[in-house]
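Chains as they are written, first to last, in this note's numbering: chain W, 0 to 206; chain Z, 0 to 206.
Below is one structure; the comments refer to it alone.
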DNA sequence: CAATCTTTTGAGAGTTACTGTCATTTGACT
DNA sequence: AGTCAAATGACAGTAACTCTCAAAAGATTG
């Protein structure tokens, strides 16, 4: 979603055909309606049919835009951001440091771009088990991406065991940090928190 | 499941009433039928109704024993094993070392106890997205348990951020190692693999 | 051992998240 | 204006649950 759905993006593309613009609108309408209803009555208590109704589309259309109800909340474009950020790091940097800088940079970008959405998303992720589970599943996909990027950097194969372990540990820790942030009311300095998180990993999990 | 469902456990409890014994049998029958059908036709292609049929119980009964279809595969008793193993470690040991020894010891116990089941479970966990997601969700519960135990050890609060990060990183890494093991045909030395995994963590994720 | 009490079970109806199909609508392009 | 392709909506169907209630079966007590 992100850039494609932001209000600012509406005027950003006068070269998009009417069809494309309508698709973006529909997608946005569905997500907006969904977030509003989830806020009001909770995720589980809101059937997709009602979201469709509120967004003024048919239930079929909702499922055409979002394969599952969870996707309405969880679809994001963070992976490309992270990938770009890490690729931007100098090749001489160690993997851990490249991850650190890449992660911090992309988190900053996401924060600058749409904190509100990040807030809603993470709050729901914490409160709704189905979303938590699905988000974890999404992390394994992101992890595969990061593995590929780091494989290029280090010359290791992309399915290298140690590489996969590093990457999955990083994602899990970041996710946990995010959950902590939510529990503390999403008020603290998220960048600093993630920095500390990566510190813990880099120092070998010593307490 | 584990101990309660093993054949050997059947004669282990002559002090259990007929009712209890029947419950154990039913539970076992459902899981056996399910595993068999999953093997034959795959997880998604096997409706709960057919599992019920194969286990000779009503669909209602299946849901009474296992709240969700996923639970048929994922329900286990590993947490208490791990908890006991870690509590058994001397208080002087560092947290990381206690985790290492506890994890290795309990994994050894599980391997000794029922490799077959671990094999089936992990294979399904790798192949079925729904199970992968649900398993991840289960890990966060295990993580909360480990946090509590380590909190006692270290004198930190159970919701200490660094503690939570350490624990979630460990679980994620172990899970990834397990997945690697499955991909390699579940043939390698799992204990050694987990040992190496914890090494990577302890050395600060350096490659 | 019979009567009662409690737990377990099965049957059936209802909800919801999907999936697939098909006719209709609606931009796009000539 | 007319044709073509894509998007939509209506509808039927499946499967995972959830709830309720009455029947069956083990436990308990006199």
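Beta carbons are placed, not taken as given, at the ideal position from N, Cα and C, and that holds for glycine.
Can you list, in chain order, the residues of its chain whose CB lies under 8 Å from that of residue 117 of chain Z, leaving out five sequence neighbours each side?
Closer than 8 Å at Cβ, skipping near neighbours: 109, 110.
Does any C-beta atom of chain Z lie closer than 8 Å to the C-beta of residue 126 of chain W?
With respect to chain Z, the C-beta atom of residue 126 of chain W has no partner C-beta closer than 8 Å.
For my contact list, residue 194 of chain W and residue 103 of chain W are in at a C-beta cut-off of 8 Å; report their separation, rounded to the angstrom.
Between residue 103 of chain W and residue 194 of chain W the Cβ distance is about 6 Å, and since that is below 8 Å, they are a contact.
Run down chain W in chain order and give the residues with a C-beta less than 8 Å from the C-beta of residue 202 of chain Z.
Under the 8 Å cutoff, chain W gives 203.
DSSP state of residue 92 of chain Z mapped onto helix, strand, coil:
Of the three classes helix, strand and coil, the one that applies to residue 92 of chain Z here is coil, per DSSP.
Using a Cβ-Cβ cut-off of 6 Å (strictly less than) and excluding sequence neighbours within five positions of residue 4 of chain Z, which residues of its own chain qualify?
Bear in mind that the predicted position of residue 4 of chain Z carries a pLDDT of just 40, short of 50, making it unreliable; the figure below should be weighed with that in mind. Setting aside the 5 residues that flank it on each side, residue 4 of chain Z is surrounded in the same chain by 27, each with a C-beta closer than 6 Å to its C-beta; the list follows chain order.
Suppose you measure from the CA of residue 88 of chain Z to the CA of residue 21 of chain Z; what does that come to, to the nearest Å?
Looking at the two C-alpha atoms, the distance is approximately 38 Å.
Would residue 196 of chain Z pass as a contact of residue 173 of chain Z if the rule is Cβ separation under 8 Å?
Yes, these two residues count as a Cβ contact at 8 Å.
Note down the Cα distance separating residue 80 of chain W from residue 113 of chain W, rounded to an integer number of angstroms.
Each residue's alpha carbon lies about 14 Å from the other.
Determine the DSSP secondary structure at residue 128 of chain W, reduced to helix, strand or coil.
Helix at residue 128 of chain W.
Determine, for residue 73 of chain Z, whether the minimum Cβ-Cβ distance to residues of chain W falls below 8 Å.
Output row for residue 73 of chain Z: interface = no.
Considering only their Cβ atoms, is the gap separating residue 85 of chain W from residue 148 of chain W smaller than 8 Å?
Yes, these two residues count as a Cβ contact at 8 Å.
Beta-carbon contacts of residue 122 of chain W that lie in its chain and below 8 Å, excluding the five residues immediately before and after
These residues qualify, in order along the chain: 181, 185.
At the 8 Å Cβ level, is residue 94 of chain W part of the contact set with chain Z, yes or no?
At least one chain Z Cβ lies under 8 Å of residue 94 of chain W.
Below 8 Å, how does it come out for the stretch 149-157 of chain W and the stretch 127-137 of chain W: are there three or more Cβ pairs, yes or no?
No, the stretch 149-157 of chain W does not touch the stretch 127-137 of chain W.
Against chain W, with Cβ distances strictly below 8 Å, would residue 160 of chain Z count as a contact?
Chain W, which has a Cβ nearer than 8 Å to the Cβ of residue 160 of chain Z, makes this yes.
Tell me the start and end of each unbroken alpha helix (DSSP H) in the stretch 4-72 of chain W that is at least 4 residues and wholly inside, in chain order.
Secondary structure in the stretch 4-72 of chain W: the alpha helix (DSSP H) runs of 4 residues or longer, each lying completely within the stretch, are 6-11, 17-40, 47-54, 58-64 in chain order.
Restricting to Cα atoms, I'd like to know which of Z:39, Z:32, Z:178 is closest to residue 61 of chain Z.
For the set Z:39, Z:32, Z:178, the Cα lying nearest the Cα of residue 61 of chain Z is the one of Z:32.
Residues near residue 107 of chain W by beta carbon distance below 8 Å, same chain, minus five either side
In the same chain as residue 107 of chain W, and ignoring 5 residues on each side of it, the C-beta atoms closer than 8 Å to its own belong to 190, in chain order.
Whether residue 146 of chain W touches residue 133 of chain W by CB criterion (8 Å)
If you check the CB distance, residue 146 of chain W and residue 133 of chain W do not come in under 8 Å.
Test: residue 153 of chain W CB closer than 8 Å to a CB of chain Z:
Residue 153 of chain W counts as touching chain Z.
Hey, is residue 181 of chain Z's beta-carbon within less than 8 Å of any beta-carbon in chain W?
Using beta-carbon distances, residue 181 of chain Z does not count as an interface residue toward chain W, since no partner is under 8 Å.
Residue 163 of chain W lies in the alpha helix (DSSP H); which residues open and close that run?
In the DSSP assignment, residue 163 of chain W falls within the alpha helix (DSSP H) that extends over 160-182.
In this structure, does DSSP put residue 113 of chain W in helix, strand or coil?
Helix at residue 113 of chain W.
What are the start and end residues of the alpha helix (DSSP H) that includes residue 191 of chain W?
DSSP places residue 191 of chain W in the uninterrupted alpha helix (DSSP H) bounded by 189-201.
For residue 79 of chain Z, which of helix, strand or coil comes out of DSSP?
Three-state result, residue 79 of chain Z: helix.
Less than 7 Å between C-beta atoms, sequence neighbours within five positions excluded: which residues of the same chain meet that for residue 167 of chain Z?
Result list for residue 167 of chain Z: 142, in chain order.
I need the straight-line Cα distance from residue 14 of chain Z to residue 25 of chain Z, nearest angstrom please.
Roughly 18 Å between the two C-alpha positions.
Are the C-beta atoms of residue 50 of chain W and some chain Z residue less than 8 Å apart?
No - not a single Cβ of chain Z is within 8 Å of the one on residue 50 of chain W.
Can you list, in chain order, the residues of the stretch 95-115 of chain Z whose Cβ is nearer than 7 Å to any Cβ on chain W?
Result list: 95.
For residue 278 of chain Z, which option in Z:100, Z:144, Z:115, Z:83 has the closest C-alpha, if you only look at C-alpha atoms?
In the structure as shown, chain Z starts at 0 and stops at 206, and residue 278 of chain Z therefore has no counterpart that could be examined.
What residues in its chain sit with their C-beta under 7 Å from that of residue 124 of chain W, if we drop five residues either side in the sequence?
So the qualifying residues of the chain are 130, 131, 134.
If the cut is a Cβ gap below 7 Å, which residues of chain Z does residue 164 of chain W touch?
Under a criterion of Cβ atoms nearer than 7 Å, the residues of chain Z adjacent to residue 164 of chain W are, in order, 172, 175, 176, 196, 199.
Taking 6 Å as the limit between beta carbons, can you name the residues of its chain near residue 200 of chain W, skipping five residues before and five after?
Cβ within range, chain order: 172.
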